[in-house]
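Peer 1:
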Amino acid sequence: MEVVHKIGRRKTAVARVYVSEGKGNITINKRDLNDYFSTATLQYKVKQPFALTETEDTYDVKVNVYGGGITGQAEAVRLALSRAMCEINEENRTVLKPEGLLTRDPRMVERKKFGQKKARKKFQFSKR
Numbered sequence: 627m628e629v630v631h632k633i634g635r636r637k638t639a640v641a642r643v644y645v646s647e648g649k650g651n652i653t654i655n656k657r658d659l660n661d662y663f664s665t666a667t668l669q670y671k672v673k674q675p676f677a678l679t680e681t682e683d684t685y686d687v688k689v690n691v692y693g694g695g696i697t698g699q700a701e702a703v704r705l706a707l708s709r710a711m712c713e714i715n716e717e718n719r720t721v722l723k724p725e726g727l728l729t730r731d732p733r734m735v736e737r738k739k740f741g742q743k744k745a746r747k748k749f750q751f752s753k754r
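Counted the way the numbering used here counts, the sequence shown spans residues 627 to 754.
Okay, structure coming up:
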């Protein structure tokens, strides 16, 4: 099997994932998974595609991720891994799709408009 390359996005985070056969090592920005994502929740989110397809220790993963916050980055990695698992074996799609792991979450931060305090909040109008 050659290396499978996929991209995942969430908010402003972009993750490039390279999946190859191996022993289950996950490297994110040249750091170990447990070092990069310190909380158990984020580690679970990254490993979710492997847990659902029952392939925890069969693939090595290298990830380049940038932009956004730590949760957005974890979910971007999850989307990219889910896409890679579908390319490796098309039957994985039937497992991942109902869980919502193949859907790109399009929500982004709304821009701030001029003459306002924030995107929607306005300055208080006082009548004297």
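Ideal Cβ positions, reconstructed from N, Cα and C, are used throughout, including at glycine.
Which term fits Ser646, buried or exposed, when burial requires 16 or more other beta carbons within 10 angstroms of its beta carbon?
Peer 2: Counting Cβ neighbours within 10 Å, Ser646 comes out exposed, since fewer than 16 surround it.
Peer 1: Would Met627 pass as a contact of Thr679 if the rule is Cβ separation under 8 Å?
Peer 2: Not in contact: Met627 and Thr679 (Cβ atoms no closer than 8 Å).
Peer 1: Distance check for Lys753 and Gly634, CA to CA, integer angstroms please.
Peer 2: Gly634 and Lys753: Cα-Cα distance of roughly 50 Å.
Peer 1: Here's the rule: buried if 16 or more other CB atoms are within 10 angstroms of the residue's CB, otherwise exposed. What is Glu701?
Peer 2: Answer is buried; the Cβ neighbour count reaches 16.
Peer 1: Exposed or buried, what is Lys723 when buried is set at 16 or more other beta-carbons lying within 10 Å of its beta-carbon?
Peer 2: Flag for Lys723 reads exposed.
Peer 1: Closest to Thr653 by CA distance: which of Ala639, Leu668 and Asp686 is it?
Peer 2: Measuring from the Cα of Thr653, the nearest candidate turns out to be Asp686.
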